[in-house]
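These notes concern the structure reproduced below.
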Amino acid sequence: MGRKDNVIEFSRAAATRRHRRTITRYRLGWRPRFRILSRQKLAALFCLAILAGTVSVMHTDRPLWDQPAPERPMTSARSGSDRVYVSWVDGDSGEINGARFRLHGVDAPEGSLSRARCNRERQLADEARRAVRALTQGGGVTIRRSHGFDRYGRELVDLSVNGRDVAQSLMARGYLKRWRYGIESKPNWCG
């Protein structure tokens, strides 16, 4: 820039050069060091997370979100001295002495608003729950056989009350339907 009699001349070339220098300095790494380090740490953390996820999936047969809950085997009341406490959630599942279970090979209608497909299914669910509670209320409940665990960590069992199969009794009265878990789609209770 030059100066002539109290008039300052504006030189576009000088202003442009100065502006280019600051941009060039910024692009060449004159940034503050903490920004570069934080990006490096973020990249390392991302790579570590990917590695951990890959290793954990390689050690399982199924995805992590599809793993069953830890298995807790149930105790059975085979002798007269053992007492079994059964509480029912719906017509085909509940708890025995605090351990969750589901009746093997059958399905009961759903009673919740979000899972039931129609009002008739909700009504049938209430009736099935009342019927299974009445059937097991008197005692004499035995776990005849265990078929492993479902994906929710519930033990799949065959129950009997005083020698009568619980699932067969409820199916004969129309409260349960035969269903092969994981192979067939759930039965339709609305039709």
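Take the sequence shown: its letter number 35 is residue 35 in the UniProt record's numbering, and every next letter is one higher.
We put the beta carbon where it would ideally sit given N, CA and C, even for glycine.
As the structure is a computational prediction, the values presented were derived from the model and not from experiment.
Item                                                                                                                                                     : Value
Alpha carbon to alpha carbon, how far is Val-132 from Pro-187? Give it in angstroms, no decimals.                                                        : 19 Å
Which residues bound the beta strand (DSSP E) around Val-141?                                                                                            : 141–149
Should Arg-173 and Val-157 be called a contact, given that it needs their Cβ atoms to be closer than 9 Å?                                                : no
When you compare the stretch 118–135 with the stretch 87–103, are there three or more beta-carbon pairs, one atom per stretch, that lie closer than 8 Å? : yes
With a cut-off of 8 Å on the beta carbons, I'd call Glu-110 and Phe-101 a contact; round off their distance for me.                                      : Incorrect: roughly 18 Å between the Cβ atoms, too far for contact.
Could you give the distance in angstroms between the alpha-carbon of Ser-169 and the alpha-carbon of Trp-179?                                            : 15 Å
Does Lys-41 come out as helix, strand or coil in the three-state DSSP assignment?                                                                        : helix
Is it buried or exposed for Leu-51, if we count other Cβ within 10 angstroms and need 16 for buried?                                                     : exposed
Cα separation between Phe-46 and Gly-153?                                                                                                                : 32 Å
Indicate the three-state DSSP secondary structure (helix, strand or coil) for residue 201 in the structure shown.                                        : Because the chain spans 1 through 191 in this model, residue 201 falls outside it and cannot be assessed.
Measuring straight from C-alpha to C-alpha, what distance separates Val-86 and Arg-117?                                                                  : 28 Å
In terms of residue numbering, what span does the beta strand (DSSP E) encompassing Ala-99 cover?                                                        : 99–103
Quick check on Val-55: does DSSP put it in helix, strand or coil?                                                                                        : helix
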